[in-house]
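Asks: Using numbering that gives the first Met the number 0, read the first sequence as starting at 0 and increasing by one per residue. The structure under discussion is supplied below as structure tokens; questions concerning it will follow.
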Amino acid sequence: MMNRMAFIKFRGNFTTNSSFLHSETPFSSFHLALHSDVSSNRSMLHKITNLNDALNLFDEMSQRRPLPSVVHFTQLLNAVTKMKHFTYALDLFNQMCSLGVPVNEFSMSIAIKCCCQLYRTKDGFALPGCCFRRAIPPNVYIYSALLDGLVLEDKILEAEMLFKKLVKQKLCEPNVVMYNTMIKGLCKFSNNVTAVALLRLMEQKNCKPSIVTYSTIIDSLCKDKLIDDAFKLFKEMLSDKGILPNVITYTSLIRGLCNLGRWDEASKLLKEMEDEKISPNVKTFTALVDAFCKEGKVEEAEAVINIMIERGEVPNIVTYSSLIDGYCLRGEMIKAREIFDSMTLRGLVPNVVTYSSLLNGYCKNLNIEKAEQMFREMSGKGLKPDVVTYSTMIQGLFQVGRCVDACKLFNEMHAQSLIPDQCTYRIMLDGLCNNHLVEDALSLFQLMGDSKLNSDIVVYTILIDGAGKCGKFHIARNLFHELIDNVMIGGFCREGQLGEAKLLFLKMEESGYPPNTVTYCIFLQGCLKNKRYDDVERLLQEMVDRGYSLDASTLSLFIDHIAAGLLDKSMLKLFNKLVPKEFLDDPSLCDWE
DNA sequence: TTAGGGTTAG
Numbered sequence: 000m001m002n003r004m005a006f007i008k009f010r011g012n013f014t015t016n017s018s019f020l021h022s023e024t025p026f027s028s029f030h031l032a033l034h035s036d037v038s039s040n041r042s043m044l045h046k047i048t049n050l051n052d053a054l055n056l057f058d059e060m061s062q063r064r065p066l067p068s069v070v071h072f073t074q075l076l077n078a079v080t081k082m083k084h085f086t087y088a089l090d091l092f093n094q095m096c097s098l099g100v101p102v103n104e105f106s107m108s109i110a111i112k113c114c115c116q117l118y119r120t121k122d123g124f125a126l127p128g129c130c131f132r133r134a135i136p137p138n139v140y141i142y143s144a145l146l147d148g149l150v151l152e153d154k155i156l157e158a159e160m161l162f163k164k165l166v167k168q169k170l171c172e173p174n175v176v177m178y179n180t181m182i183k184g185l186c187k188f189s190n191n192v193t194a195v196a197l198l199r200l201m202e203q204k205n206c207k208p209s210i211v212t213y214s215t216i217i218d219s220l221c222k223d224k225l226i227d228d229a230f231k232l233f234k235e236m237l238s239d240k241g242i243l244p245n246v247i248t249y250t251s252l253i254r255g256l257c258n259l260g261r262w263d264e265a266s267k268l269l270k271e272m273e274d275e276k277i278s279p280n281v282k283t284f285t286a287l288v289d290a291f292c293k294e295g296k297v298e299e300a301e302a303v304i305n306i307m308i309e310r311g312e313v314p315n316i317v318t319y320s321s322l323i324d325g326y327c328l329r330g331e332m333i334k335a336r337e338i339f340d341s342m343t344l345r346g347l348v349p350n351v352v353t354y355s356s357l358l359n360g361y362c363k364n365l366n367i368e369k370a371e372q373m374f375r376e377m378s379g380k381g382l383k384p385d386v387v388t389y390s391t392m393i394q395g396l397f398q399v400g401r402c403v404d405a406c407k408l409f410n411e412m413h414a415q416s417l418i419p420d421q422c423t424y425r426i427m428l429d430g431l432c433n434n435h436l437v438e439d440a441l442s443l444f445q446l447m448g449d450s451k452l453n454s455d456i457v458v459y460t461i462l463i464d465g466a467g468k469c470g471k472f473h474i475a476r477n478l479f480h481e482l483i484d485n486v487m488i489g490g491f492c493r494e495g496q497l498g499e500a501k502l503l504f505l506k507m508e509e510s511g512y513p514p515n516t517v518t519y520c521i522f523l524q525g526c527l528k529n530k531r532y533d534d535v536e537r538l539l540q541e542m543v544d545r546g547y548s549l550d551a552s553t554l555s556l557f558i559d560h561i562a563a564g565l566l567d568k569s570m571l572k573l574f575n576k577l578v579p580k581e582f583l584d585d586p587s588l589c590d591w592e
């Protein structure tokens, strides 16, 4: 079970083309275009498909007097952005400013988008200030670009705060794209409930949801295995709203069904989509390949690949990585290696995921030397092992009893500024316990600050089991009590039995198992969800006194309640002491008062 | 006469 947040997309670096001065394109044609009418200039801009042409055209444009209009510069800026050369686009934007081109909200929004795509959303936020100085009112395009940047960087709380601030202070009226961006962010964190609530809010505010809105939520529901809810929404979209599904909507649903092993329904849906004259694409086929491989059905997966090739679709790196997983799962490592090697012949360059798949295969088949070889090989190729690679390797080392090496690698991972996730901690704790190092496991458990990790029932099970096996029944019992209490309090809160929850909460202290940070978060969430606010402030103060902190989901709930005017703003002061610093590093976003 | 949103793997 992998945390969805761990799947941060790989960002490829582009290389600078050094043949800047040796371009084969005759620039005079672009030059001429600028003299002629606007429409032909536009068509010229459409023909620019490489960076050199664009940069040369920019040079030429900037030497002309009078300067071409901001519209022409913006078109060029956009062309560079579409090529994903964000650094160059930003550089051009700066040059535009130096040249005195009167930049407007169009060019500004492109510049902000570039900052955000480069994971420099903070710099993007500096630009609206620049907008004000230039008397450009930031509009819904600019704010949407910033919102998208926050979502891209997983700063979901800041994204929510920005969105609410925009609405509350009437800085702009969110449109369908802005709603979709916020919904995408919520879905990225599996907050489907709020995503659907936002969909309903859109309807209320007469902002028509689009196919993008529905597809985003449907995809998220499918990823969380809530396939029936996904189909409910699918039907609503089709029957009530008359919005037609496209290949993306179908692909999400087919993947959802396949991952649950509901093959018959998946194939029915595949047929339905073809009847609607919507052709499956590489991603649709890859979803099938992946699902077959996860069940070890590599023959079926290979058959799908053949069909897709017959249909003129080219399998990509994702398709083959899935196939490698399939063979690894069956222990057919020679075949897995063959697929890996054949990728290069097809012009596909294996990436971190591909390497990690094969490495995982070697670990699971207890060929640790080969796994270590892959680990070194990928570094040699300039690919940095990520959290998943490290976790896989650590697990492999524990499995062959090499605990010291496993711990070394865990430390090395820290040194590389990689943050261990839920999966890494489970592997570490399990590895230590299985190798009779329960004391070490317990100290590591104490060090795990994140309450999401601390409330992980799997983690508790590993530890209780480990402690029990080593005869440390006292420790096992303590852990068991902690777990049971947290589960019970959570259960009472869900059922609306706040009185029972509170009773148990108070009893914990008396019986020598004091509530931990997780217990507090669970109980506080219960109070908020049941609109019982009498104890909230006192509980927050207790948390401050005990040095505990609020986790992201509890904090997000608090923000919702404060924004809705259900809680006193004076509580915001307590948050400063209870919120991990990284959530509040941009004070401009937190001025609710 | 220039700007924004949704689907792929470990």
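In this text, a Cβ means the ideal position worked out from N, Cα and C, and glycines have one as well.
For the region 298-312 against the region 327-340, are there 3 or more C-beta pairs whose distance is under 8 Å?
Replies: With a cut-off of 8 Å, the region 327-340 and the region 298-312 do not count as touching, because too few Cβ pairs lie within range.
Asks: Quick check on the DSSP output: the alpha helix (DSSP H) that includes Cys326 runs from which residue to which?
Replies: Within the first sequence, residue 326 is the residue found at index 327, counting from 1. The identity of residue 326 in the sequence shown is Tyr, whereas the question assumes Cys. It spans 316-328 - the alpha helix (DSSP H) in which Tyr326 sits, taken as one unbroken run.
Asks: Please name the residue in Leu268, Tyr354, Val175 whose C-alpha comes closest to that of Leu252.
Replies: For the purposes of this step, residue 252 is taken as residue 253 along the first sequence, with counting starting at 1. Of the listed residues, the one whose Cα sits closest to Leu252 is Leu268.
Asks: Quick one: Cα of Val139 to Cα of Leu328, how far?
Replies: Position 140 of the first sequence holds residue 139. Position 329 of the first sequence holds residue 328. For Val139 and Leu328, the distance between alpha carbons rounds to 48 Å.
Asks: Contact defined as beta carbons within less than 8 Å: I believe Asp147 pairs with Thr193. What is the distance between those atoms, to the nearest angstrom?
Replies: In the first sequence, counting from the first residue as 1, residue 147 sits at position 148. In the first sequence, counting from the first residue as 1, residue 193 sits at position 194. That pair is no contact at about 18 Å.
Asks: Quick check on Val348: buried or exposed, where buried means 16 or more other Cβ atoms within 10 Å of its Cβ?
Replies: Mapped onto the first sequence, residue 348 falls at position 349. It counts as exposed.
Asks: Let me confirm a value: Lys530 is counted as buried when at least 16 other C-beta atoms fall within 10 Å, else exposed. Which label applies?
Replies: The residue you call residue 530 lines up with position 531 of the first sequence. Answer is exposed; the Cβ neighbour count stays below 16.
Asks: Can you tell me the Cα-Cα spacing of Leu100 and Phe188, whole angstroms?
Replies: For the purposes of this step, residue 100 is identified with residue 101 of the first sequence, where counting begins at 1. For the purposes of this step, residue 188 is identified with residue 189 of the first sequence, where counting begins at 1. Note that residue 100 is Val in the sequence shown here, rather than Leu. Straight-line Cα distance between these residues: approximately 41 Å.
Asks: Residues in the same chain with beta-carbon distance under 8 Å from Cys362, minus the five sequence neighbours each way, listed in chain order, please.
Replies: What you label residue 362 is simply residue 363 of the first sequence in a count that begins at 1. Contacts found: Ala370, Thr391, Met392, Gln394, Gly395, Gln398.
Asks: If we call anything under 8 Å between Cβ atoms a contact, is Ile216 one with Ile182?
Replies: Locating residue 216 in the first sequence gives position 217, where the first residue counts as 1. Locating residue 182 in the first sequence gives position 183, where the first residue counts as 1. Their beta carbons are under 8 Å apart, which means Ile216 touches Ile182 by this criterion.
Asks: Work out the CA separation of Val317 and Ile285 for me, nearest whole Å.
Replies: Counting from 1 along the first sequence, the entry for residue 285 is found at position 286. Counting from 1 along the first sequence, the entry for residue 317 is found at position 318. Looking at the sequence shown, residue 285 is not Ile but Thr. So the alpha carbons of these two residues sit roughly 7 Å apart.
Asks: Quick check: what's the CA-CA separation for Gly470 versus Ile456?
Replies: On the first sequence, residue 470 is found 471 positions in, with the first residue counted as 1. On the first sequence, residue 456 is found 457 positions in, with the first residue counted as 1. Rounded to whole angstroms, Gly470 to Ile456 spans 21 Å at the Cα level.
Asks: Do you know offhand how far Lys231's Cα is from Leu556's?
Replies: Taking the first residue of the first sequence as position 1, residue 231 is located at position 232. Taking the first residue of the first sequence as position 1, residue 556 is located at position 557. Computed Cα separation, rounded: 26 Å.
Asks: What number of angstroms, rounded off, separates the C-alpha of Phe6 from the C-alpha of Val352?
Replies: As a working mapping, residue 6 is identified with position 7 in the first sequence. As a working mapping, residue 352 is identified with position 353 in the first sequence. A caution first: Phe6 carries a pLDDT of 23, below 50, which makes its placement in the model unreliable, though a value can still be read off. Phe6 and Val352: Cα-Cα distance of roughly 10 Å.
Asks: Roughly how many angstroms lie between the CA atoms of Lys154 and Tyr118, to the nearest whole one?
Replies: As a first step, residue 154 must be located in the first sequence, where it is residue number 155. As a first step, residue 118 must be located in the first sequence, where it is residue number 119. Distance between the alpha carbons of Lys154 and Tyr118: 11 Å.
Asks: Answer yes if the region 538-555 comes into contact with the region 567-574, meaning at least three C-beta pairs across the two stretches below 8 Å, and no otherwise.
Replies: Yes, the region 567-574 is in contact with the region 538-555.
Asks: Is it right to say Arg345 is buried, meaning 16 or more other beta carbons lie within 10 angstroms of its own, or is it exposed?
Replies: Position 346 of the first sequence, counted from the first residue, corresponds to residue 345. Result: exposed.
Asks: Which stretch, first to last residue, makes up the alpha helix (DSSP H) that contains Leu50?
Replies: Within the first sequence, the letter at position 51 stands for residue 50. Segment 50-62, the alpha helix (DSSP H) holding Leu50.
Asks: Would you say Ile277 and Val246 are within 8 Å of each other, going by their C-beta atoms?
Replies: What you label residue 277 is simply residue 278 of the first sequence in a count that begins at 1. What you label residue 246 is simply residue 247 of the first sequence in a count that begins at 1. Against a cut-off of 8 Å, the Cβ pair of Val246 and Ile277 comes out as a contact.
Asks: Select from Val458, Lys234, Leu259, His71 the residue whose C-alpha is nearest the C-alpha of Lys222.
Replies: The residue you call residue 222 lines up with position 223 of the first sequence. It is Leu259 whose Cα lies nearest to the Cα of Lys222.
Asks: For Pro356, count neighbouring Cβ atoms within 10 angstroms of its own Cβ and tell me buried if that reaches 16, exposed if not.
Replies: In the first sequence, residue 356 corresponds to position 357, counting from 1. Reading the sequence as shown, one finds Ser at residue 356 and not Pro. It is buried - the Cβ of Ser356 has at least 16 other Cβ atoms within 10 Å.
Asks: For Val578, which residues in the same chain have their Cβ closer than 8 Å to its Cβ, ignoring the five residues on either side in sequence?
Replies: Looking up residue 578 in the first sequence gives position 579. Excluding residues within five positions, the ones whose Cβ falls inside 8 Å are Ser548, Leu549, Leu554.
Asks: On the CB-based measure, 16 or more other CB atoms within 10 Å of its CB, does His413 come out buried or exposed?
Replies: What you label residue 413 is simply residue 414 of the first sequence in a count that begins at 1. So His413 counts as exposed.
Asks: Could you tell me if Phe504 is buried or exposed, where buried requires 16 or more neighbouring beta carbons within 10 angstroms of its beta carbon?
Replies: In the first sequence, the residue the question calls residue 504 occupies position 505. Buried is the call here.
Asks: Look at the alpha carbon of Ala265 and the alpha carbon of Asn305, and state the distance between them as a whole number of angstroms.
Replies: Numbered from 1 along the first sequence, position 266 holds the residue referred to as residue 265. Numbered from 1 along the first sequence, position 306 holds the residue referred to as residue 305. So the alpha carbons of these two residues sit roughly 19 Å apart.
Asks: Would you call Leu478 buried or exposed, if buried means 16 or more other Cβ atoms sit within 10 Å of its Cβ?
Replies: Counting from 1 along the first sequence, the entry for residue 478 is found at position 479. Leu478 should be labelled buried.
Asks: Just mark Cys337 as buried or exposed, buried being the case when its beta carbon has 16 or more other beta carbons within 10 Å.
Replies: Mapped onto the first sequence, residue 337 falls at position 338. According to the sequence displayed, residue 337 carries Glu and not Cys. Exposed, because fewer than 16 other Cβ atoms sit within 10 Å of the Cβ of Glu337.
Asks: Does the distance from the CB of Ser97 to the CB of Val69 come in under 8 Å?
Replies: Taking the first sequence and counting its residues from 1, one reaches residue 97 at position 98. Taking the first sequence and counting its residues from 1, one reaches residue 69 at position 70. Not a contact, by the Cβ cut-off of 8 Å.
Asks: Would you mind reading off the limits of the alpha helix (DSSP H) that contains Ser442?
Replies: In the first sequence, counting from the first residue as 1, residue 442 sits at position 443. It spans 437-446 - the alpha helix (DSSP H) in which Ser442 sits, taken as one unbroken run.
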